[in-house]
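Numbering (my numbering), first residue to last: 3 to 333.
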């Protein structure tokens, strides 16, 4: 048993699971004891001295509650030079009443610090490690269950693909767990079991850097580069080659339509912010990236969009070779 069995340190890259763990603690404490005994502290804009003082006040005995759950977010030191905070914590940790629970919720934690190393031995440490690509499907199922979203295995697989699982390489994740979580929340609003068809209709696929390079190569009509990038893109895709072809055709079409829309609006003297607002984009960054690409006439863009639409129909309704069809319509 640790020296401080009532002190817990939660940290790690899986911020969603960490947050859910804290919520579970709050819910269980509320059921067993009282909501009045829950105290939340945030370190934002506080000095070292203020951090120590706030924590000491929260951990002091109360006349109104025998039990307390204190959740202190980012109250642990991030560097050895924070001597005032370290001294305050060392003084406090050994005097916390046994019927108080103290959770240190850390967005980041430097385990190399001597104070943290000692605390790791004396308290309860729980790391919420980053989710690796092979674990993503299981993580999605767990989150869906927590959210009350019914989703079958093919839909889980499709969601993982669309959210960038297979773009992970070199230890770097190709997906963002917050993005996946928000997609699950959105899908849950349907109020019925989620299928793979729902994912295809409602989730916008994450694209790799090669997909953006492909757009530039197509607009500049660099045939050698188009062929090289298509090779890499098909190599990145997993599973059915026809599905990969449909996905890549969709990405190319979306890029061409975006380029056409931005160019037309720019001709009407729309600012980049106005273009973003008109097209429903989150900010003007995407507009800037679109304008930054190779110059291409409106006539060429219209012809390219038409060819890609025809290719998409042909790919979906025939046994045409996906890779060959893309090459013929992009070159």
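Every residue, glycine too, gets a C-beta built ideally from N, C-alpha and C.
What number of angstroms, rounded off, separates the C-alpha of residue i from the C-alpha of residue j?
i, j, result
"residue 2", "residue 180", "In this structure the chain extends from 3 to 333, so residue 2 is not present and cannot be described."
"residue 141", "residue 16", "10 Å"
"residue 75", "residue 151", "29 Å"
"residue 60", "residue 231", "58 Å"
"residue 105", "residue 10", "5 Å"
"residue 1", "residue 190", "This structure does not reach residue 1, given that the chain is present from 3 up to 333, and the question cannot be answered."
"residue 177", "residue 64", "45 Å"
"residue 297", "residue 249", "25 Å"
"residue 159", "residue 126", "35 Å"
"residue 224", "residue 110", "45 Å"
"residue 102", "residue 51", "22 Å"
"residue 199", "residue 157", "8 Å"
"residue 228", "residue 322", "20 Å"
"residue 3", "residue 14", "23 Å"
"residue 147", "residue 188", "14 Å"
"residue 35", "residue 69", "7 Å"
"residue 274", "residue 266", "12 Å"
"residue 26", "residue 20", "10 Å"
"residue 203", "residue 278", "23 Å"
"residue 235", "residue 219", "13 Å"
"residue 184", "residue 260", "24 Å"
"residue 304", "residue 134", "41 Å"
"residue 153", "residue 161", "10 Å"
For residue i, count neighbouring Cβ atoms within 10 angstroms of its own Cβ and tell me buried if that reaches 16, exposed if not.
i, result
"residue 47", "exposed"
"residue 292", "buried"
"residue 362", "Limits of the chain in this structure are 3 at one end and 333 at the other, which puts residue 362 out of reach."
"residue 194", "exposed"
"residue 270", "exposed"
"residue 205", "buried"
"residue 90", "buried"
"residue 192", "exposed"
"residue 108", "buried"
"residue 54", "buried"
"residue 87", "buried"
"residue 7", "exposed"
Looking only at DSSP bridge pairs, what is residue i linked to?
i, result
"residue 180", "Residue 180 is not bridged to any residue."
"residue 142", "Note: residue 142 sits in no beta bridge, so no partner."
"residue 153", "196"
"residue 11", "106, 127"
On the DSSP letters alone, give me the boundaries of the beta strand (DSSP E) that residue i sits inside.
i, result
"residue 128", "126 to 129"
For the alpha helix (DSSP H) holding residue i, just list the boundary residues, first then last.
i, result
"residue 304", "300 to 319"
"residue 249", "243 to 269"
"residue 325", "324 to 332"
"residue 275", "274 to 281"
Measuring from the CB of residue i, is there a heavy atom of the ligand PLP at a distance below 7 Å?
i, result
"residue 182", "Questions concerning the ligand PLP fall outside what the structure shown contains, since it holds no ligand whatsoever."
Can you list, in chain order, the stretches of the alpha helix (DSSP H) that have 4 or more residues and sit fully within the stretch 31 to 117? 50 to 60, 85 to 95, all fully within the stretch 31 to 117.
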